Every structure is written in structure tokens, then in C-alpha cells.
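The numbering of the sequence shown is my numbering, which starts it at -13 and goes up by one.
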Amino acid sequence: MNQRLSALDAGFLEAEDADQHASLAIGAVAVIEGPPPASAAFLSTIAQRTQSIPRWTQVLKCQPWDLTAPEWVDDDRFDIHRHARRVAVTAPGDDAALFRLVAELMERRLDRARPLWECWLIDGLSGDRWALLLKIHHSMADGMAAGAMLAALCDGNATNTEFPDGADDGRDVDRRHLDRGALNWLSGVWNTSFDTVRTVRRAALGATEIAAGILSTAAQEFTGPLTDLRRFSAATVSLADVKSICHRFDVTINDVALAAITDSFREAMLRRDRPIRRDSLRTLVPVSVRAPEDVHTPDNRVSVMLPLLPVEQTDPLQRLRCVHRRLTTSKLSGQSQAGSAAILATNLIPFPLTAWLIRLLAKLPQRGVVTVATNVPGPRHQVMVMGRPVLSLLPIPPIAIHLRLGIAITSYGDQLTFGVIGDFDGSVGADEIARGIEDGIDHLVTITRACKESRRVRGRLLLLSS
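Quick look at the structure:
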């Protein structure tokens, strides 16, 4: 059965159309232990597992003059050879070589004449490793849905719909307001969509804050037009260390991750003698509004927040606490509700007008938002691909609308990994931000351990004094 794209799904196509250098595909790299499979076995496995993902054998059908949104239709010419490909990294096959290849593969747009996904087997890695890169257009799936698709390529059932302890997935947002159908939302806006006047005010204030953030010019030194080249890097830290920080200071994994990102940007700004202000690092933070039972539905179900990350704070612990306060304030201010309400409402606007408006907005010189930071949980336990263990998962976000750098965060087993993609000509490089994130986590780990040791010393002194 054909399915028409929602306004949000189609919006990613329109945003890509507005900028010839944008490629709105999301991705993930699984680094796998052992020798890579033979090409025939790889193709056979991907073809067989593709059968569990119907969207992967469908292609977009657009209507003349954009009278209605595009729809997914079965591709009678589907050929697995066009989607499951093999490539090798350059010598010496280290992580830097892998990252260069990932950047090259992600900067190319997916062909809309075919189903909008690719799966690349990456050969030639050092240390008895190979990798699998899954690339999916954002119009097909958000991070949660893409994670379920990646899990379908793994052996057995690797799907994980639960969030790690302390993760912040946005589920404290009231889903009664976020999950209603667009028609019901509009027809009953004053009666049933918002339970109280207070919630209406929160959504209105949230919408105002989002608009003000986008229209700001505070981040103009970090934003700008994209080129057709990308850089990619990654930072992997211990999830146990992150959880120890969470438990000691009563914050979430997302708080810690964003505090480390803030630390990295602050140090990058200091190295360049850039002025550091309270509004220097406004960040787009997607919020999932997807119910666990809908994790396999291929579409986008997100809202957004635009918090100011506290680069002006000099102390790492104060930065962490400030991140926690500002995210809490953003949630309570109604930004998530406003974002969701706006997305739902666009489904009722005639699609030609919606498409034109999105293209117009995407072409505006956005200068208020520096980066996007999206957090998607991965499997809690090690998974296998073709009988080989997956060592690590590297998430890859897209960049567009003058955002020259994006960060995706995912957990896998005992790791928390930050995937960083940036424009080749961006003033701050992806590798610099990735290394800064590692340093930011180290700073918080050192503080946490010092606090624990201080508490132990005080305990011993109390025992001796008694």
C-alpha cells in the first residue's frame, strides 16, 4: 500500500533541494571484528534481511507541481547491487582512513530515482577489522527508526527500544499533546489539545524562543554556506564513567554529553581568541516523541529544543549543572510542545505552500544556531553481523541550513560514542571537536573521582574522631 510522506518527512527533501551542497542522509558505521565476508555472502545476507524492511524496496513518487506530498511506491526495478556496495579504505587502514572514507560516502547525495538507502562494506581496516556503513535519507527515518533498521541487519533480534539508565529521551514531554493527529489537533485546539491555559502559554513562549534563536546572529562566526566536501571524526568514551558522573551530580547522560560538547566548543573558541558570550552556542537538540511500540515505523517523529549551551562558564562542574538547568528550562518553557504543534499543523496546510515555505526558509542565511546534537540509544549488549562481533557503533548526523557541524551521540554496550561531521571549510574541524569532547568527559571524570576520594577521606576522619 502506498504511503504519502508527512510534512516533516517531505521537509527534509525540500531542505535538500534548497541547497545544492546539502545531503540530508543520516548514517551509522558498525566497526566489526574479524575478516570481512566474501562479496557474494555479503550481498546475499543484505538482500535477505532487506525483506524485513519494506521501505527499502520502495521509491519516491513525486506529483506534478508538488500538488501533493511525494509518496512511497514499490520499486519494480529494485536491484540490491545498487544499494549493497563494497569499498576499501586507503593504507594504513586506521581510524583516520576510515573517517576520511566515511566523509566521502556521506557527502554524496542519494539518488531519488532509487530507494533512498545504501549499505557499504568497508574493507582494508587494520587490526583484523572491517566496517559496515548504513546510509538512509532523513525523509525515510529519524534516528530511532534508523536504529531499528540497522538492528534488522544484525544477527538475531538486536533491536533495543529502551533507553540506558539516566538517558534523556524527551519522554517527560506530555505525549497527549505531541501524538495527536493533525486534524484533531486543529479542530479541537482550544478544547482538547492543551489541557490548561498554562500549557497554551508554554507552547506560545516556546515558539517565540525557537523563532528568536533561529533569527539571532550570535553564531555567525561558526555558520555559513556549505561546500560539497565533508570531514568526519568520532569520540568514544566509557559509558560507566559517564554514568558515574550522572549518579554523583544527579544529571542525565544527555546532560553530560552536552556539557562535554560545550567544553569542546569553549576550548576551540579560546584557541581562536573568539569572544565568548552567553548566546555563543545555541544548539538544536531533537527530542523524540516516538512511542516504543512504533520504533519500527519508518518516518520522523521528533520535536526540537534550542538551548543555549553555557560556553561562558569557566568551571566544568558549573557548566554541567548549567546545562542541566537550561535543558530543564527549555522543556518547561514549551519549546518541545511548540515544535510538535507546528509540525502537526503543517500537515493541514496545502502541500504546495508548505514546500515553497520550507525551501524559502532553508535558503535564508541562518546565523543563530551553531550545531545540532542528537542522542539516539543503541543496543545495551554486543551484537553480531554475519557471525562477527560489532566492536563499536559510530553515528553520523546530516548538516544543512548553514549548520557547518553536527554531532550525533549513541550508546553501545559499555561505550558512548559521539559522531562529528563538519563542512570541509568550516572554521572548526570535526576532529578538533571530537578530541575536545573526550577532554571534556575527562575533566568531569577527574572531578567526580576527586569528589569520591574527598568523601572517603572525610568518612575516615569521622571514624577516627569518633
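In this text, a Cβ means the ideal position worked out from N, Cα and C, and glycines have one as well.
Predicted, not measured: the structure shown is a model, and the values here were computed from it.
In this structure, does DSSP put residue i in helix, strand or coil?
i           : result
residue 26  : helix
residue 76  : coil
residue 437 : helix
residue 539 : Any property of residue 539 remains undetermined from this structure, which presents the chain solely from -13 to 452.
residue 210 : coil
residue 129 : helix
residue -2  : helix
residue 62  : coil
residue 372 : coil
residue 6   : coil
residue 57  : strand
residue 393 : strand
residue 422 : helix
residue 301 : coil
residue 410 : coil
residue 97  : coil
residue 87  : helix
residue 234 : helix
residue 430 : helix
residue 71  : strand
residue 194 : Only weak support is given to the placement of residue 194: the predicted model assigns it a pLDDT of 46, under 50, and the value that follows is read from those uncertain coordinates. The answer is helix: DSSP assigns residue 194 an H, G or I state.
For residue i, collect the residues of the same chain with a Cβ closer than 7 Å to its Cβ; drop the 5 residues on either side in sequence, then sort them by chain order.
i           : result
residue 248 : 267, 295, 296, 297, 305, 309
residue 371 : 16, 18, 118, 139, 140, 141
residue 75  : 83, 84, 87, 108, 110, 111
residue 80  : 112
residue -12 : 57, 58, 59
residue 39  : 135, 138
residue 48  : 56
residue 211 : 388
Kindly indicate which residue of the options has the alpha-carbon position closest to the one of residue i.
i           : options            : result
residue 252 : 216, 287, 208      : 208
residue 453 : 379, 102, 352, 222 : No answer is possible for residue 453: it lies beyond the span of the chain, which begins at -13 and ends at 452.
residue 287 : 383, -5, 2         : -5
residue 69  : 78, 54, 212, 44    : 44
residue 259 : 66, 413, 2         : 413
residue 61  : 257, 388, 46       : 46
residue 436 : 241, 231, 356, 396 : 231
residue 357 : 106, 300, 217, 389 : 389
residue 279 : 42, 134, 35        : 134
residue 415 : -12, 66, 32, 89    : 89
residue 28  : 417, 50, 66, 1     : 66
residue 379 : 240, 219, 73, 63   : 219
residue 313 : 137, 339, 271      : 271
residue 417 : 391, 398, 97       : 391
residue 307 : 235, 97, 440       : 235
residue 471 : 114, 300, 31       : Only positions -13 to 452 of the chain appear in this structure, which leaves residue 471 out of reach.
residue 53  : 282, 438, -9       : -9
To which residues of the same chain is residue i closer than 8 Å at the C-beta, ignoring the five residues directly before and after it?
i           : result
residue 226 : 400
residue 302 : 245, 249, 426, 429, 430, 433
residue 215 : 89, 93, 409, 410, 411
residue 2   : 8, 9, 10, 95, 386
Output needed for residue i: all residues of its chain with C-beta closer than 6 Å, excluding positions within five of it in sequence on either side, in chain order.
i           : result
residue 262 : 255, 297, 298
residue 375 : 19, 368
residue 402 : 223, 225, 228
residue 72  : 25, 107
residue 125 : -5, -2, -1
residue 243 : 395
residue 381 : 14, 394, 396, 405
residue 177 : With a pLDDT of only 46 at residue 177, under 50, the local geometry of the prediction cannot be trusted, and the value read off the model is given with reservation. Excluding residues within five positions, none has a Cβ falling inside 6 Å.
residue 373 : none
Shorter than 7 Å, the distance from the beta carbon of residue i to the closest heavy atom of the ligand FAD, or not?
i           : result
residue 436 : Among the components of this structure there are no ligands whatsoever, and the ligand FAD is therefore not found.
Since residue i and residue j should fall inside the 8 Å C-beta cutoff, what is the C-beta to C-beta distance between them, to a whole number of angstroms?
i           : j           : result
residue 221 : residue 420 : 4 Å
residue 395 : residue 361 : 4 Å
residue 398 : residue 422 : The pair is not a contact, with the Cβ atoms about 21 Å apart (cut-off 8 Å).
residue 269 : residue 359 : 5 Å
Exercise for the section: Indicate whether the contact test is met: 3 or more Cβ pairs, each with one atom in the segment 3 to 12 and one in the segment 85 to 103, closer than 8 Å. Expected result: Touching, yes.
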